[in-house]
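First the structure, in the form of structure tokens, and then the observations on it.
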Amino acid sequence: MLLQHEALKSLFEDRLVLAPVTLNQNDKVLEIGAGPGFWLMDLAASVDPSVPMVGVDIEPRLFPASPPKNIEFQVASVTNLPSEWTDTFSFVHQRLLIWALQVPQWPQAIQEIFRVLRPGGWVQLAESAPWREGEYADKPYTAKMIAIYRGVVKARNLHADCADDIPKMLEEAGFVDIQSESQMQVIGKWGGEIGEAFATNQREAVRGMMAPVLEAGGFGHVTSEAEDYSAMENPHAERQAVLLERILKNASKCTETITELNNCIEQIIRENAQIQTAANLATKYRRNVQYNLEATKTDDTTAEQS
Ligand SMILES: C[S@@+](CC[C@H](N)C(=O)[O-])C[C@H]1O[C@@H](n2cnc3c(N)ncnc32)[C@H](O)[C@@H]1O
């Protein structure tokens, strides 16, 4: 998770706060779904230490054991934040809840964030862009991963396209001055250090999905937990897989053609066998005729002499 935090931070030029906010001691910051609080603690290290900060999560196990004095962690759900928090925070951050919130929970969460923000406050929501099925026909591994991911999303009623819908949901909740920023990242060793970090993260995410995927029957793509993740290490894996498939198809076409050729040769040999018999008969007949002619000739000679 730290790797993921560092990779995301570096993807956005090390900016933790993308909203036009300068935090001072009159502000109060809330992070939702804080987990181990990497973002919050990183932010705390870069602003006035008197800015109070709160991190919430439904799962307290990852909360840091001894956070800085100005950060407090507590258990709460974004869909039901403490009622006394109305108009409390000047900045709210929430990142990567795509795997946690179901479709109807998104507007509910955004409404809660609107409630706990002071008038003029800012919210910063960060989610990964959706992977769309059908866009990766020439990339079999990516297509398979997306199909599995979409299967899980559907089975759990998650909002795979939340990144696309967030601006509209914010507007419907009453937010104004909505801005968005996005970055593309190549995943894998060939995407540099960040690409490698995202690949590690992606592998873990896919591994984490395996149990529910298998439970749901594999969505026609997975039959065992022993999946092969080596494609994420090899920049040419997908191209190689496509070429290999083509080679196998051509090899089986070659086998078909050779089998057909063998059948034709066998048939020619069979037909030739009959021709051979006819030729043998013709030769025998010719020899008989020859013999009889020779015999007649001998008889004629004998008669003349006598
Ligand atoms: C993928 S982690 C992201 C952690 C952190 N935001 C980050 O970017 O490093 C998602 C976190 O959201 C938490 N979460 C899930 N549902 C939640 C909810 N309804 N309210 C608050 N937190 C929630 C999970 O427990 C988990 O810690």
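Numbered according to full-length UniProt numbering, the sequence shown spans residues 1 to 306.
C-beta atoms are modelled at their ideal positions from N, C-alpha and C, and glycine is treated no differently.
Boundaries of the beta strand (DSSP E) harbouring I32: V29 to I32, taken from the DSSP string.
Cβ contact annotation for V51 (same chain, cutoff 8 Å, sequence separation greater than five): L23, N24, Q25, D27, K28, V29, A44 and N70, in chain order. Counting along the chain, the unbroken beta strand (DSSP E) around Q94 starts and ends at F89 to R95. For the pair P104 and P64, the CB atoms are not nearer than the 8 Å cut-off. The Cβ-Cβ distance between E172 and I178 does not fall below 8 Å.
When rounded, the separation of the alpha-carbon atoms in L214 and S90 is 43 Å. Under the three-state reduction of DSSP output, I148 falls in the helix class. Residue burial is scored here from C-beta neighbours: G120 has fewer than 16 other C-beta atoms within 10 angstroms and is therefore classed as exposed.
Taking non-hydrogen atoms of ligand 1 into account, the C-beta of M169 is found less than 7 Å away from none of them.
Around the CB of M184, fewer than 16 other CB atoms lie within 10 Å, so the residue is classed as exposed. Distance between F12 and A251, taken at the CA atoms: about 48 Å. In this model, E112 and W39 are separated by some 21 Å (Cα to Cα). Taking C-beta atoms under 8 Å as the contact rule, A211 and A163 fail to qualify, at a distance of about 26 Å. C-alpha of P167 to C-alpha of F114: approximately 13 Å in a straight line. Straight across, the Cα-Cα distance linking I187 with I269 is about 60 Å. In the structure shown, G208 adopts helical secondary structure according to DSSP, grouped into three states. Around R118, the same chain offers D87 and S90 as residues with beta carbons nearer than 6 Å, after the five sequence neighbours per side are excluded. Scanning its chain for C-beta atoms nearer than 8 Å, with the 5 sequence neighbours on each side dropped, one finds around V92 the residues V29, L30, E31, I32, I113, V116, L117, G121, W122, V123 and Q124, in chain order. Residue pairing by DSSP places A126 opposite R95 in a beta bridge.
Straight-line measurement puts the Cα of L244 at about 47 Å from the Cα of I58. L158 is bridged by DSSP to Q102.
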